[in-house]
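Right, one structure below, let's go through it.
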Amino acid sequence: MATGTSADAPAAVRDNPLLSGPLLPALMRLALPNMGAMVAGSVAAIAETAYVGRLGVPALAGMAVVFPLVMLQAMLSAGAIGSGVSAAIARSLGAGDTPRAEALAVHALWIGVIAGGVTSLVLLPLAPLVFGALGAKGAALDQAVAYARVAFIGSIGVWTVNLLAAVLRGAGNMAVPSTVLLLTALLQIVIGGTLGLGLGPVPRLGMAGVAAGQLVAYAIGSVVLLVYLRAGRAGIAVPVGAVPPTAAYFAAILRTGATAAVSPIMSIATIVILNRLVAGFGPTVLAGFGIGTRLEFLLTPLSFAIGVASVPLVGTAIGAGMVPRARAATWTAARLAAAVMAAIGLMMALVPGLWVGIFTSDAPTVAAASQYFHFVGPTYGFFGAGMSLFFSALAAGKVAPMLLAGALRLGIVAVGGTALVAMAAPVWMVFALIGAGIIVYGAMSILVVWRADWTRR
1 MATGTSADAP
11 AAVRDNPLLS
21 GPLLPALMRL
31 ALPNMGAMVA
41 GSVAAIAETA
51 YVGRLGVPAL
61 AGMAVVFPLV
71 MLQAMLSAGA
81 IGSGVSAAIA
91 RSLGAGDTPR
101 AEALAVHALW
111 IGVIAGGVTS
121 LVLLPLAPLV
131 FGALGAKGAA
141 LDQAVAYARV
151 AFIGSIGVWT
161 VNLLAAVLRG
171 AGNMAVPSTV
181 LLLTALLQIV
191 IGGTLGLGLG
201 PVPRLGMAGV
211 AAGQLVAYAI
221 GSVVLLVYLR
231 AGRAGIAVPV
241 GAVPPTAAYF
251 AAILRTGATA
261 AVSPIMSIAT
271 IVILNRLVAG
281 FGPTVLAGFG
291 IGTRLEFLLT
301 PLSFAIGVAS
311 VPLVGTAIGA
321 GMVPRARAAT
331 WTAARLAAAV
341 MAAIGLMMAL
351 VPGLWVGIFT
361 SDAPTVAAAS
371 QYFHFVGPTY
381 GFFGAGMSLF
391 FSALAAGKVA
401 PMLLAGALRL
411 GIVAVGGTAL
421 VAMAAPVWMV
431 FALIGAGIIV
441 YGAMSILVVW
451 RADWTRR
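Per this note's numbering: the sequence shown = residues 1 to 457.
Pasting the structure below:
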């Protein structure tokens with residue numbers, strides 16, 4: 001197996017597990033803890049939906065308009081900006097510059113506080129206008145506002161948890177942030193369910209109670225990670241008082257992270273467009289489509305975990321000037337993500353009832369969901385490869401060209417979907433279009449990375 005190192009490599013390289021040794025075992029060691037934490041986060045979101053469902057239809061409708069913004073906040077903090085933090089720190093550590101890495105960690109904390117604070121200041125007073133513009137009315141709007149005005153109080157907690165976790169990932173420490181995120185998700189489930197539904201002697205607080213689960217859990221998680229990093233046991237510290245705010249450090253993170261932030265915004269836009277397109281075929285088809293996309297929501301963390309695991313491997317290698325190892329790590333991660341996602345997707349395409357049967361026995365809904373999996377399931381491997389390559393390119397500081405893949409997918413869905421609906425095409429053609437968009441996304445991601453020159457900075 002290629003390792004990307006040489007027998008006469010310097011001792012500093014040989015002693016760094018991120019810069020020497022077989023890549024696949026190193027990748028798995030980094031990815032597995034992430035997978036558990038990411039899946040736990042997905043389960044927490046699904047549990048929230050279950051709690052809200054017990055509060056009634058208006059609550060479900062309200063949650064439907066809030067959820068995209070909750071998801072966007074998570075994708076920006078954990079994915080785009082968070083990976084920018086991990087990549088910058090990994091490159092600094094790979095170059096042997098620990099003081100710079102610690103200065104970047106301090107600036108990551110400040111970015112979390114600022115971004116979370118701005119999110120709260122914008123969404124708390126403007127919640128009725130924002131969610132009204134997204135389509136909520138009457139009781140549904142009231143429920144959306146009730147949830148948002150508690151959940152977004154805790155935006156600083158969400159941002160700081162994810163960015164401090166990114167600091168540790170950049171240093172190659174996956175176990176601690178994954179454990180904290182796992183416990184945070186479990187705490188969110190327990191607190192949200194107890195307060196939202198009024199379990200035991202606790203009063204029933206409804207949507208505000210469900211949202212309080214996120215607020216409290218992430219506040220605790222952020223404190224735990226900060227205390228751990230300040231204690232100096234992580235191999236990288238966050239010396240807050242010793243590092244003044246410096247534009248160059250903010251730029252080192254945001255130059256990559258802010259560019260990468262375009263990707264989740266395009267993903268959210270794609271989801272919104274697809275929901276509108278499929279809704280035109282009636283509630284039964286929409287329900288079947290929802291069952292299909294729910295599986296994708298659960299599977300996305302698997303690709304995310306593998307892609308994020310490649311960030312310290314790629315970033316550290318780039319920082320050490322070991323571009324061949326960085327590229328080898330990139331392709332190893334992409335193949336692994338593609339294989340995992342393809343195996344699950346093909347299984348769903350062949351036996352969709354394994355998943356669909358969990359949610360419904362209604363024949364028309366089962367048929368719609370099964371048809372969705374027949375067309376989209378075989379493309380999951382392309383989605384896995386594309387997502388993994390995105391994070392690897394981000395670690396190399398070459399993320400901007402990767403946005404073309406997401407833009408092409410968005411364009412295919414928006415233009416092609418609108419044309420199909422205007423032609424009164426059958427729904428299977430829309431599902432086929434979704435699959436085609438995913439194939440283009442994955443193939444373009446592969447092409448961009450294959451042609452990229454990572455020796456130029």
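All C-beta atoms, glycine included, are put in the ideal place defined by N, C-alpha and C.
Span separating the alpha-carbon of Thr-365 from that of Val-278: As a position in the sequence shown, residue 365 is number 365, starting the count at 1. As a position in the sequence shown, residue 278 is number 278, starting the count at 1. Looking at the two C-alpha atoms, the distance is approximately 13 Å.
Burial state of Lys-137, where buried means 16 or more other Cβ atoms lie within 10 Å: Within the sequence shown, numbered from 1, the residue matching residue 137 stands at position 137. So Lys-137 ends up on the exposed side.
Any C-beta of chain D under 8 Å from that of Ile-268: Annotation note: the requested chain D is absent from the structure, which comprises a single protein chain.
Coarse secondary structure for Ile-344, derived from DSSP in three states: Counting from 1 along the sequence shown, the entry for residue 344 is found at position 344. Looking at Ile-344 - three-state DSSP - the assignment turns out to be helix.
CA nearest to the CA of Val-243, picked from Val-308, Ala-78 and Leu-109: As a position in the sequence shown, residue 243 is number 243, starting the count at 1. With distances taken between Cα atoms, Val-243 lies closest to Leu-109.
Beta-carbon proximity of Ala-101 to Ile-111, cut-off 8 Å: Here residue 101 is taken as the residue at index 101 of the sequence shown, counted from 1. Here residue 111 is taken as the residue at index 111 of the sequence shown, counted from 1. No. Outside cutoff.
Residues near Ala-211 by beta carbon distance below 7 Å, same chain, minus five either side: The residue labelled residue 211 in the question sits at position 211 within the sequence shown. Within the same chain, Ala-211 has close Cβ partners Tyr-147, Val-150 and Ala-151.
Cβ contact check for the segment 425 to 437 and the segment 366 to 381: 3 or more pairs under 8 Å: yes
Buried versus exposed call for Ser-155 [16 or more other C-beta atoms within 10 Å across all chains shown]: As a first step, residue 155 is located in the sequence shown; it is residue number 155 there, counting from the start. Buried, since its Cβ has 16 or more Cβ neighbours within 10 Å.
Given Gly-458 as reference, the closest of Leu-55, Ile-291, Gly-411 and Ala-400 once Cα atoms are compared: One cannot answer for residue 458 here, as it falls past the ends of the chain, which runs 1 to 457.
For Asn-173, three-class secondary structure by DSSP: Taking the first residue of the sequence shown as position 1, residue 173 is located at position 173. Three-state DSSP puts Asn-173 in coil, outside helix and strand.
Straight-line gap, Ser-20 to Leu-389 (C-alpha atoms, nearest Å): The residue labelled residue 20 in the question sits at position 20 within the sequence shown. The residue labelled residue 389 in the question sits at position 389 within the sequence shown. Approximately 21 Å between the Cα atoms of the pair.
Selection from Ala-329, Val-202 and Ser-370 that minimises the alpha carbon distance to Gly-357: In the sequence shown, the residue the question calls residue 357 occupies position 357. It is Ser-370 whose Cα lies nearest to the Cα of Gly-357.
Assigned exposure category for Gly-4 - 16 Cβ within 10 Å defines buried: Taking the first residue of the sequence shown as position 1, residue 4 is located at position 4. Below a pLDDT of 50, predicted positions are generally treated as unreliable, and Gly-4, at 49, falls in that range; the measurement from the model is reported next regardless. Burial call: buried.
Reduced DSSP secondary structure (H/G/I, E/B, other) of Thr-455: As a working mapping, residue 455 is identified with position 455 in the sequence shown. Thr-455: coil per DSSP, three-state reduction.
Meets three-Cβ-pair contact criterion under 8 Å: the segment 247 to 263 and the segment 172 to 186: no
Ile-114, buried or exposed, once every other Cβ within 10 Å from all chains shown has been counted against 16: One-based indexing of the sequence shown puts residue 114 at position 114. It is exposed - the Cβ of Ile-114 has fewer than 16 other Cβ atoms within 10 Å.
Beta-carbon proximity check, Pro-264 vs Met-75, cutoff 8 Å: As a working mapping, residue 264 is identified with position 264 in the sequence shown. As a working mapping, residue 75 is identified with position 75 in the sequence shown. Yes, Cβ-Cβ distance for Pro-264 and Met-75 is below 8 Å.
Contact check, Val-238 vs Gly-170, beta carbons under 8 Å: Numbered from its first residue, the sequence shown carries residue 238 at position 238. Numbered from its first residue, the sequence shown carries residue 170 at position 170. No. Outside cutoff.
Own chain residues within Cβ distance below 6 Å of Ala-338, not counting five before or after: The residue given as residue 338 occupies position 338 in the sequence shown. Counting only Cβ-Cβ distances below 6 Å, and skipping sequence neighbours, we find Gly-381, Gly-384 and Ala-385.
Cβ separation of Val-66 and Ala-140, assumed to be a contact under 8 Å, to the nearest whole Å: Residue mapping note: residue 66 aligns to position 66 of the sequence shown, counting from 1. Residue mapping note: residue 140 aligns to position 140 of the sequence shown, counting from 1. Rounded, the Cβ-Cβ distance is 10 Å, inconsistent with contact.
Ser-361 classed as buried or exposed, judged by whether at least 16 other C-beta atoms fall within 10 angstroms: Counted from its first residue, the sequence shown places residue 361 at position 361. Exposed, since its Cβ has fewer than 16 Cβ neighbours within 10 Å.
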